[in-house]
Amino acid sequence: MLKFTEDHEWVRIEGDVATIGITEHAAEQLGDLVFVELPDVGKQVGKGDNAAVVESVKAASDVYAPLSGEIVEANQAIVDDPSQVNSDPANAGWFFKLKLSNASEAENLLDEDAYKALIA
Amino acid sequence: MGNEKSESGSALRRTPLHDLHEKLGARMVPFAGYEMPVQYPTGIMSEHRHTREHAGLFDVSHMGQLIVDAPNGGAGEAALVLEALIPADIVGLGEGRQRYGLLTNDAGGIEDDLMVQNLGDRYLLIVNAATKEADEKHLREKLASSVRVTRLDNALIALQGPEAEAALSNVWSGCQDMRFMDVREAQILGHPCIVSRSGYTGEDGFEISVPNDGVNALAEALLAHAAVQPVGLGARDSLRLEAGLCLYGSDIDTETTPCEAQLKWSIPKVRRTGGERAGGFPGSDVILAQFAEGTERARVGLRPEGKAPVRGGAPLFADENAGQKIGTVTSGGFGPSVGAPVAMGYLAADYCTPDARVFAEVRGKFLPIVVSQLPFIVPSYKRT
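Heads up: the protein sequence lines correspond to chains F and C, in order. The opening residue of the first sequence carries number 22 in the working numbering; numbering runs sequentially from there. The opening residue of the second sequence carries number 55 in the working numbering; numbering runs sequentially from there.
The structure is reproduced here in structure tokens:
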């Protein structure tokens with residue numbers, strides 16, 4: 022199940038684990054990323070908490086946790102090479118995986134059509 | 055995603071190149087009251103590198119251009135009068151030459167930084183966009199009545215990089231005879247232009263003041279050269295930061311003095327204590343005392359040890375325990391040519407030693423950052 026947030030994140034939910042990344046639109050708007058900071062595995066995050074930081078040449082931006090849960094995996098590859106977020110935001114450029122503590126929160130996320138309408 | 059800063063503005067002004075920026079796919083942002091290109095589709099990183107490797111074309115028409123002349127006194131009179139506001143050697147500035155200078159205030163702070171060009175019968179001052187109205191008022195109010203201050207309503211473009219001369223030669227071969235900080239008046243594509251061999255990137259290059267009705271043809275002619283790509287304000291900022299050049303409003307302002315800002319070189323001996331035309335500018339008591347006694351803080355280059363950029367505003371500490379605040383970062387980001395984060399800021403004098411290790415607070419963490427020499431790149435000005 023692929024969902025989106027108004028903050029330009031994508032959320033792929035498989036069972037009780039969600040993989041989170043930023044959308045192609047967000048990656049384009051940010052421009053070339055030069056730095057990514059990801060949460061530590063084991064960290065508990067609440068929906069809407071700051072979970073990661075991305076920095077372009079020009080500015081820093083926060084990436085929020087779209088759902089509540091525990092960080093179970095973080096993508097070290099984008100820390101080592103932030104340009105992967107720009108080149109493949111929907112796949113290789115994923116940020117972190119979250120073991121959901123309240124799966125019903127996902128009901129409020131946007132579906133693909135709603136997200137496309139948002140950025141249109 | 056969030057926290058992207060935006061400047062909401064109404065009635066933004068446009069430069070004469072606005073339609074060209076849109077045609078080139080620029081992302082336009084509000085800057086100093088103007089709608090300006092922050093980047094083109096290739097992006098800041100690529101634009102930055104292209105400028106260092108080939109040539110970049112920048113629209114800087116938002117900047118202010120002021121003509122100062124003395125209708126009855128000639129150039130000598132105008133130079134002397136300007137020296138009453140700018141602690142530089144303007145009397146000694148030869149015809150066809152340009153010099154960097156500061157407008158100081160009574161407290162010894164900096165009202166603006168600017169370029170002064172000697173055009174023979176008049177001086178052209180190139181000033182910052184955000185301060186241009188204030189500068190004009192300051193000059194009109196404070197300069198002796200023997201001089202006139204007139205706004206030059208021209209566009210301004212910068213062509214920067216190792217292939218700038220080759221590209222400009224296509225429309226004006228006279229540029230080949232110029233060296234760093236030379237200024238020439240020339241007809242280019244049928245328009246009277248004022249060209250200086252200077253810039254804000256650390257590269258060789260030119261800045262061209264061109265009439266508004268001629269700037270589009272000139273820009274398109276330069277972009278037609280294979281080496282030239284358009285470059286936005288984003289890369290302009292990363293280029294100048296690597297070159298160790300101050301951004302007015304960030305690295306220097308009304309609260310910083312020329313000595314603190316390490317811009318002492320812009321105030322030559324002739325204007326310092328014991329010089330032939332010593333003092334006589336706003337804040338000269340404070341500034342000349344600082345030449346003798348030193349300052350409590352100074353602007354330094356800063357190299358974060360890690361990969362995280364440290365931005366303007368980050369406080370600096372002597373240790374990781376936030377015990378003692380010893381300074382503030384004033385500009386910082388990623389340096390595409392350095393390949394690492396770079397920054398500059400003010401530090402207490404005791405810590406202004408190259409290789410001293412201090413700590414910047416970023417998002418609650420204390421990141422090690424090393425005091426470095428400026429600039430971060432080797433400039434390639436054409437000095438001979």
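Glycine included, C-beta positions come from ideal geometry on N, C-alpha and C.
(request) Using the Cα positions of lysine 137(F) and leucine 131(F), report the straight-line distance between them to the nearest angstrom. (result) If you take the alpha carbons of lysine 137(F) and leucine 131(F), they lie about 9 Å apart.
(request) Indicate whether at least one CB of chain C lies closer than 8 Å to the CB of glycine 114(F). (result) Taking a beta-carbon distance threshold of 8 Å, glycine 114(F) does not count as an interface residue toward chain C.
(message) Is there a C-beta anywhere in chain F that falls below 8 Å from the one on lysine 77(C)?
(response) No, lysine 77(C) lies away from the interface with chain F (no Cβ there is under 8 Å from its Cβ).
(request) For methionine 22(F), count neighbouring Cβ atoms within 10 angstroms of its own Cβ and tell me buried if that reaches 16, exposed if not. (result) Flag for methionine 22(F) reads exposed.
(request) Can you grab the Cα-Cα spacing for the pair aspartate 160(C) / alanine 132(C), in whole Å? (result) One alpha carbon belongs to aspartate 160(C), the other to alanine 132(C), and they sit about 21 Å apart.
(request) Could you tell me which of Ser250(C), Gly244(C), His245(C), Ser223(C) sits nearest to arginine 233(C), measuring between CA atoms? (result) Arginine 233(C) has its Cα closest to that of Ser250(C), out of Ser250(C), Gly244(C), His245(C), Ser223(C).
(request) Using only alpha-carbon positions, find the residue among Met169(C), Arg331(C), Val354(C), Gly118(C) that is nearest to tyrosine 400(C). (result) Ranked by Cα distance from tyrosine 400(C), the options Met169(C), Arg331(C), Val354(C), Gly118(C) are led by Val354(C).
(request) Measure the C-alpha to C-alpha separation of tyrosine 154(C) and glutamate 374(C) and round it to an integer number of angstroms. (result) Between tyrosine 154(C) and glutamate 374(C), the C-alpha separation is close to 39 Å.
(message) I'd like to check one pair, histidine 72(C) with glutamine 27(C): are the Cβ atoms closer than 8 Å?
(response) Since the first residue of chain C shown is 55 and the last is 438, residue 27(C) is not available in this structure.
(message) Against chain C, which members of the region 81-109 of chain F pass a CB distance test of less than 9 Å?
(response) When C-beta distances to chain C are compared with 9 Å, the residues of the region 81-109 of chain F below that value are Ala81, Ser82, Asp83, Val84, Tyr85, Val100, Pro103, Ser104, Asn107, in chain order.
(message) Can you tell me which residues form a DSSP beta bridge with lysine 379(C)?
(response) As DSSP reads the structure, lysine 379(C) sits in a beta bridge with Phe371(C).
(request) To the nearest angstrom, report how far apart leucine 206(C) and tryptophan 31(F) are at their CA atoms. (result) If I take the Cα positions, the gap works out to 51 Å.
(message) To the nearest angstrom, how far is the alpha carbon of glutamine 230(C) from that of aspartate 236(C)?
(response) Those two C-alpha atoms are separated by around 11 Å.
(request) Mind checking which residues open and close the alpha helix (DSSP H) that includes glutamate 350(C)? (result) Glutamate 350(C) -> no alpha helix (DSSP H), and no H or E assigned at all.
(message) Quick check on isoleucine 144(C): does DSSP put it in helix, strand or coil?
(response) Collapsing the DSSP output to three states places isoleucine 144(C) in coil.
(message) For glutamate 239(C) and glycine 337(C), what's the separation of their Cα atoms in angstroms?
(response) About 34 Å.
(message) Below 7 Å on C-beta distance, what does glutamine 439(C) contact in chain F?
(response) No information on residue 439(C) is available, as it lies outside the stretch 55 to 438 that chain C covers here.
(request) State the Cα-Cα distance for the pair arginine 281(C) and histidine 108(C), rounded to the nearest angstrom. (result) One detail in the question is off: residue 281(C) reads as alanine in this sequence, not arginine. Each residue's alpha carbon lies about 5 Å from the other.
(message) Let's see if you can read the secondary structure: which residues bound the alpha helix (DSSP H) around aspartate 291(C)?
(response) Residues 287-296.
(request) Using only alpha-carbon positions, find the residue among Asn129(F), Ala86(F), Ile99(F) that is nearest to isoleucine 41(F). (result) With distances taken between Cα atoms, isoleucine 41(F) lies closest to Ala86(F).
(request) Name the residue from Ala141(F), Leu139(F), Lys120(F) whose alpha carbon lies nearest to the alpha carbon of lysine 68(F). (result) Taking each of Ala141(F), Leu139(F), Lys120(F) in turn and checking the Cα distance to lysine 68(F), the smallest one comes out for Lys120(F).
(request) State the Cα-Cα distance for the pair alanine 343(C) and histidine 75(C), rounded to the nearest angstrom. (result) Cα to Cα, the separation comes out at about 48 Å.
(request) For asparagine 208(C), count neighbouring Cβ atoms within 10 angstroms of its own Cβ and tell me buried if that reaches 16, exposed if not. (result) It is buried - the Cβ of asparagine 208(C) has at least 16 other Cβ atoms within 10 Å.
(message) Checking the sheet assignment: what are the DSSP bridge partners for glutamine 230(C)?
(response) BP columns for glutamine 230(C) are empty, so no partner.
(message) Give me the residue from Glu165(C), Gly215(C), Val269(C), Pro433(C) with the minimum Cα distance to serine 115(C).
(response) In terms of Cα proximity to serine 115(C), the closest of Glu165(C), Gly215(C), Val269(C), Pro433(C) is Val269(C).
(message) Once DSSP output is grouped into helix, strand and coil, what is the label at valine 75(F)?
(response) Here valine 75(F) sits in strand by DSSP.
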